[in-house]
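>
Residue numbers (this note's numbering): 1 to 438.
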């Protein structure tokens, strides 16, 4: 099939790369000329495991190319996927400007019957608004063209996005025309070889399924984190509690790992958007509000541990930060705990020495570019030098079993604040460390 992907961010690139691996001819569109040039030259623009190789292989086989020419891309395709960003506004609503701009462009350039697929995460009802805008664009041209529209949400985990696309748990497709089912069955057949993974439903249900899935994941994270605060108050061990709770087959272990909280481009944004949408309909979603509040409270509770340890005086204290991305396997720092913690420490007068295997440049040139008193290290042990404590914020594999003798020798004080509960508390305390966990 000839496929156009409009939007070359995480979702668009992974979608385009994986479809192109199956023999489809894919055009990825973006209005960022520099990004397009880098992609056509085989240069990496994001870190995502196995993505660079898939793009490189598809470029060599001429199954994928990147362009800013949306007119050519629209006219050259059978199926058009909309995969542009929908950032959150200050009031919690989704900014749909990018999505509607794409709809206008499709209406302006569509030249024959096509299938338009919304993959961007959008509020319930948006897909029909996109359909209306495309129809309006066609009418303005006095053309007699038809098209079909569908909604196909992504369920990709950053850091494992390629694997998730190639071996999905499920593939949800929202549509109103039954004849489209055969098209999607053919399109996704290479990804559903072992068993049927396609789940067809109406468009409104498909849009809400995406939000509901992320809301459920966030709820589990916030639940175990609230339990971790209660456990900390009583002196109970949240890791043992997690095992006791997760061993119940009705609950399971997934997403009940206590931590400094969730981050990234999806969970908080999607919950805020869902809350906003519900409020617009006159309903106040109490659980969703609580989930967000607990996530923010967890970050503050962790920061308060650091402040209390140093009796409220962090001026001229230096802290080593291990981990800046919101999770391992990606360089994405959007809504990462590190952004919150580093900014708060700096405001309290501290100095921070940060290290991350993939996110240092994002930190230096984007997230911390306006901050003073930030030192950027390219080696995890170098970041420890002259630091009063180590703060672990991302559970990268290289942090799991460090040489604690080196850690102790580099730090001014043998103190570790573990925001991911990565270390064995008994062993690390027996090694002479003060250890503060979630």
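Where a beta carbon is used, it is the ideal one built from N, C-alpha and C, also for glycine.
Remember, predicted model here, so these are calculated numbers, not experimental data.
For residue 48, count neighbouring Cβ atoms within 10 angstroms of its own Cβ and tell me buried if that reaches 16, exposed if not.
Buried, since its Cβ has 16 or more Cβ neighbours within 10 Å.
> Reducing DSSP to helix, strand and coil, say where residue 524 ends up.
For the chain, the structure presents residues 1 to 438; residue 524 sits outside this window and is missing.
> Under a Cβ-count criterion, where at least 16 other Cβ atoms within 10 Å of its own Cβ denotes burial, should residue 69 be classed as buried or exposed?
Exposed: under 16 other Cβ atoms inside 10 Å.
> Which residue marks the beginning of the beta strand (DSSP E) containing residue 319, and which one marks its end?
Start and end: 318-322.
> Could you tell me which of 222, 274, 28 and 266 sits nearest to residue 92, measuring between CA atoms?
Comparing Cα-Cα distances from residue 92 to each of 222, 274, 28 and 266, the minimum goes to 274.
> Is it true that the region 35-47 meets the region 190-204, where meeting means three or more beta-carbon pairs spaced less than 8 Å apart?
Touching, no, given that fewer than three Cβ pairs across the two stretches are closer than 8 Å.
> Less than 6 Å separating the Cβ of residue 3 from some heavy atom of the ligand FMN?
By its list of ligands, the structure shown contains no ligand whatsoever, and the ligand FMN lies outside what it can speak to.
> Measure the C-alpha to C-alpha separation of residue 342 and residue 188 and round it to an integer number of angstroms.
Roughly 43 Å separates the two Cα atoms.
> Taking C-beta to C-beta, are residue 359 and residue 331 nearer than 7 Å?
The answer is yes: Cβ separation under 7 Å.
> Give the secondary structure of residue 114 by DSSP, where H, G and I count as helix, E and B as strand, and everything else as coil.
In this structure, residue 114 counts as strand in the three-state DSSP scheme.
> Just list the residues that DSSP pairs residue 376 with in beta bridges.
Bridge partners of residue 376: 354.
> Taking the alpha carbon of residue 258 as the reference point, which residue from 279, 285, 230 and 183 has its own alpha carbon closest?
Measuring from the Cα of residue 258, the nearest candidate turns out to be 230.
> On the three-state DSSP scale, how would you describe residue 179?
Correct three-state label for residue 179: coil.
> By how many angstroms is the C-alpha of residue 8 removed from the C-alpha of residue 423?
Between residue 423 and residue 8, the C-alpha separation is close to 38 Å.
> Quick check on this structure: which residue in 15, 105, 155 and 154 has the alpha carbon closest to the alpha carbon of residue 131?
Ranking the options by Cα distance to residue 131, first place goes to 105.
> Please classify residue 283 as buried or exposed, where buried requires at least 16 neighbouring CB atoms within 10 angstroms.
Exposed is the call here.
> Is the number of C-beta pairs between the region 322-339 and the region 250-266 that are closer than 8 Å three or more?
Result yes; three or more Cβ-Cβ pairs closer than 8 Å.
> For residue 346 versus residue 371, is the C-beta spacing smaller than 7 Å?
Contact: yes.
> In three-state terms, what does DSSP make of residue 203?
DSSP places residue 203 in helix when its eight states are reduced to three.
> Please identify the residue among 297, 219 and 248 whose C-alpha is closest to the C-alpha of residue 285.
Checked all of 297, 219 and 248; the closest Cα to residue 285 is 219.
> How far does the alpha helix (DSSP H) with residue 18 in it extend, from its first residue to its last?
Counting along the chain, the alpha helix (DSSP H) containing residue 18 begins and ends at 10-20.
> Would you mind reading off the limits of the beta strand (DSSP E) that contains residue 416?
It spans 415-418 - the beta strand (DSSP E) in which residue 416 sits, taken as one unbroken run.
> Along the chain, where does the beta strand (DSSP E) that runs through residue 148 open and close?
Looking at the DSSP string, the run of the beta strand (DSSP E) that includes residue 148 is 147-151.
> Decide if the region 111-121 is in contact with the region 76-86; the criterion is three or more beta carbon pairs, one per stretch, under 8 Å apart.
Yes, the region 111-121 touches the region 76-86.
> Check whether the Cβ atoms of residue 302 and residue 241 lie closer than 7 Å to each other.
No.
> Exposed or buried, residue 446, counting other C-beta atoms within 10 Å across all chains shown (16 or more means buried)?
As shown, the chain starts at 1 and ends at 438. That puts residue 446 outside it, with no answer to give.
> Using C-beta distances below 7 Å, list every residue in its chain close to residue 310, excluding the 5 sequence neighbours before and after it, in chain order.
Closer than 7 Å at the Cβ level, and outside the excluded window around residue 310, lie 317.
> Using DSSP with H/G/I as helix, E/B as strand and the rest coil, what is residue 154?
Reduced to three states, the DSSP call for residue 154 is coil.
> Within this structure, are the beta carbons of residue 395 and residue 412 separated by less than 7 Å?
Not in contact: residue 395 and residue 412 (Cβ atoms no closer than 7 Å).
> Would you identify the three-state DSSP class for residue 329, choosing helix, strand or coil?
Note: residue 329 maps to coil in three-state DSSP.
> Taking residue 164 and residue 175 to be in contact with their CB atoms under 8 Å, please state how far apart those CB atoms are, rounded to whole angstroms.
The pair is not a contact, with the Cβ atoms about 22 Å apart (cut-off 8 Å).
> Please state whether the Cβ-Cβ distance between residue 145 and residue 115 is less than 7 Å.
Cβ atoms of residue 145 and residue 115: not closer than 7 Å.
> With DSSP run on the structure shown, which of helix, strand or coil describes residue 128?
In the structure shown, residue 128 sits in a helix (DSSP, three-state: H, G or I).
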